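Position one of the sequence shown corresponds to residue 117 (my numbering), numbered consecutively onward.
We treat Cβ as the ideally placed atom computed from N, Cα and C, and that holds for glycine.
Model, not experiment: these values are computed from the prediction.
Just below is one structure, and these are the notes that go with it.
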Amino acid sequence: MLAPPTGPPALRSSVLTNRRNIVAAVLTALVASLLLFVPMRSAHAADTLLSQGKTATASSTENAGTPASAAVDGNTGTRWSSAAADPQWLQVDLGATDTISSVSLNWEAAYAKSFKIQTSADGTNWTDIYSTTTGAGGNQTVSVNGSGRYVR
């Protein structure tokens with residue numbers, strides 16, 4: 117999955133989508149990250165926040181103040197943070213399978229240089245829709261092509 121990053125991971129996510137283009141993200145072993153999913157813009161439909169309030173689970177949490185649910189609570193002042201060990205992941209159940217077209221990552225000062233974005237229809241069998249070993253931190257928008265109910 118993810119190449120070993122350094123430092124404790126932290127994640128913030130919100131998934132925006134329109135009815136035709138769903139933007140979701142999957143992340144595996146992200147380190148000290150702030151994640152925000154943004155849709156491809158469409159003139160045909162208004163954007164709808166997809167991940168907010170959805171069920172999020174994670175491989176671990178750093179402490180009680182940084183739960184997986186904080187990644188999808190819509191509050192940019194909260195975040196998910198994992199234990200300081202590799203690998204780590206955050207998974208969001210979007211509630212239904214849809215097309216995923218882009219992912220925008222908004223990292224904290226620490227970030228994963230190597231990570232994957234994956235989708236799954238069943239939460240068991242995963243398909244890579246993006247992989248990198250050259251993550252640069254900051255704001256990173258990734259075009260992807262896939263579908264799934266679950267993203268990590």
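Looking only at its chain, what residues have a beta carbon closer than 6 Å to the beta carbon of residue i, apart from the 5 residues adjacent to it on each side?
i	result
S236	W242, G264, Y266
G253	W223, Y227
How big is the Cα-Cα spacing for residue i and residue j?
i	j	result
V258	T177	26 Å
G251	E224	13 Å
T240	R268	11 Å
S198	N179	8 Å
P121	L210	Unreliable placement is indicated for P121, whose pLDDT of 44 sits below 50; no coordinate value is reported for it.
S167	Y246	19 Å
S228	T171	A quick correction: the sequence has Ala, not Ser, at residue 228. Answer to the nearest angstrom: the Cα atoms are 23 Å apart.
T194	N255	18 Å
D244	N261	10 Å
W196	V188	9 Å
A200	S218	28 Å
Just mark residue i as buried or exposed, buried being the case when its beta carbon has 16 or more other beta carbons within 10 Å.
i	result
Q234	buried
A174	buried
R157	In this prediction, R157 has a pLDDT of 41, which is less than 50 and means its spatial position is unreliable; nothing more can be read from the coordinates.
T249	exposed
Closer than 7 Å by C-beta to residue i: which residues in its own chain qualify, once you throw out the five before and the five after it? Chain order, please.
i	result
T213	A237, S263, G264, R265
Quick check: does the Cβ of residue i come within less than 7 Å of any heavy atom belonging to the ligand NAD?
i	result
V208	This structure simply doesn't include the ligand NAD, nor any ligand for that matter.
When you compare the region 183–190 with the region 199–214, are there three or more beta-carbon pairs, one atom per stretch, that lie closer than 8 Å? A contact exists between the region 183–190 and the region 199–214.
Could I get the ranges of all uninterrupted beta strand (DSSP E) runs contained in the region 164–207, with 3 residues as the minimum, in chain order? The qualifying runs are 171–174.
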